[in-house]
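Using the numbering used here, read the sequence shown as starting at 7 and increasing by one per residue.
Where is the CB? At the ideal position from N, CA and C, for every residue including glycine.
Have a look at the structure below, then the notes.
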Amino acid sequence: MKVLVSWCEAVALIFILKLCFNASYQLTGLQVCSLCGGTVQNNTYVGDFCTLSAGRIDKRCCLANDNSSDPERIIGLDLSSCSLTQMEDLSGASTVVVIDLSLNPITNISDKVFQGFLDLKFLILPEHIACPGGNASWQQMDVKQGKQLCKDQKNMCNQTGQMSMNCPENSLCGPYGPGFFECHCAENYHGYKCLRQAEFPVLKVFGPLAASTVVISFLLWITQRRKAKSL
Numbered sequence: 007m008k009v010l011v012s013w014c015e016a017v018a019l020i021f022i023l024k025l026c027f028n029a030s031y032q033l034t035g036l037q038v039c040s041l042c043g044g045t046v047q048n049n050t051y052v053g054d055f056c057t058l059s060a061g062r063i064d065k066r067c068c069l070a071n072d073n074s075s076d077p078e079r080i081i082g083l084d085l086s087s088c089s090l091t092q093m094e095d096l097s098g099a100s101t102v103v104v105i106d107l108s109l110n111p112i113t114n115i116s117d118k119v120f121q122g123f124l125d126l127k128f129l130i131l132p133e134h135i136a137c138p139g140g141n142a143s144w145q146q147m148d149v150k151q152g153k154q155l156c157k158d159q160k161n162m163c164n165q166t167g168q169m170s171m172n173c174p175e176n177s178l179c180g181p182y183g184p185g186f187f188e189c190h191c192a193e194n195y196h197g198y199k200c201l202r203q204a205e206f207p208v209l210k211v212f213g214p215l216a217a218s219t220v221v222i223s224f225l226l227w228i229t230q231r232r233k234a235k236s237l
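In structure tokens form, the structure reads like this:
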């Protein structure tokens, strides 16, 4: 009986941890949408984009999903006129396509704020803030009506999957947001700077781990069973 209870407790613990992880993920997105009060208005960059994309407005975000099996994701973020003086973290909106940060007293924004924003196509900033990555990262940059407009993010690797002078030998370059790229080992290469050839030794790495897990689980089962019999 005690063995059954312990297994139930373990399953319950895993379930609770999973719920906590999902809650923290959702909270991050919720925090981004609630960085200031109000909601996305019509006839704004994000509002018009949300209407064309058949998205759903939630506070300062436009949410959408491709199909019913996928969770909603943020595709538009309107933080204009929010009296923001700094912007350090937007990681909860990394799937965004349009961001409006205009009409805020922001003095400077680090390019790292937009690291990993692969889908970002339209960024509106205060007039004195430069587009992240500069000319090398955007097809078009304009200043209109006191706003800096950054349009159509460029691929920093010129073409995804091509060899890059900036990546180690035997690796491929991939975009990673405006002004950023990341290097992935080419097929059949792995390890430090992709210097090791042949497939990743999955069996050698995970085989002993799986075997030890099975042995430990068996020993725990035997121990719990003996305790149950003694009672």
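Exposed is the label assigned to Y198, since fewer than 16 other Cβ atoms lie within 10 Å of its Cβ. Of the residues A99, N48 and N49, the one whose Cα lies closest to the Cα of S40 is A99. For T219 and Q37, the gap between their C-alpha atoms comes out near 39 Å. Contact between D117 and G82 does not hold, since their C-beta atoms are separated by about 21 Å, which reaches or exceeds 8 Å.
Judged by pairs of C-beta atoms under 8 Å, the stretch 128-135 touches the stretch 151-159, as three or more such pairs exist. Rounded to the nearest whole angstrom, the C-alpha separation of D125 and N49 is 22 Å. By the neighbour-count definition (other C-beta atoms within 10 Å, threshold 16), L58 is an exposed residue.
Of the residues assessed, G44 falls on the exposed side of the cut-off, its CB having fewer than 16 other CB atoms within 10 angstroms. Going by beta carbons, Y51 and D106 fall inside the 9 Å limit.
Short of 6 Å from the beta carbon of V103, and not among the five residues preceding or following it, lie these beta carbons of its own chain, in chain order: I81, D125 and K127. Of N110, H196 and C179, the smallest CA-CA separation from C189 is found for C179.
Look at I228 here: in three-state DSSP terms it is helix. Relative to the Cα of G185, the nearest Cα in the group F120, L225 and L226 belongs to F120. In the structure shown, K199 falls within a helical segment according to DSSP collapsed to helix, strand and coil.
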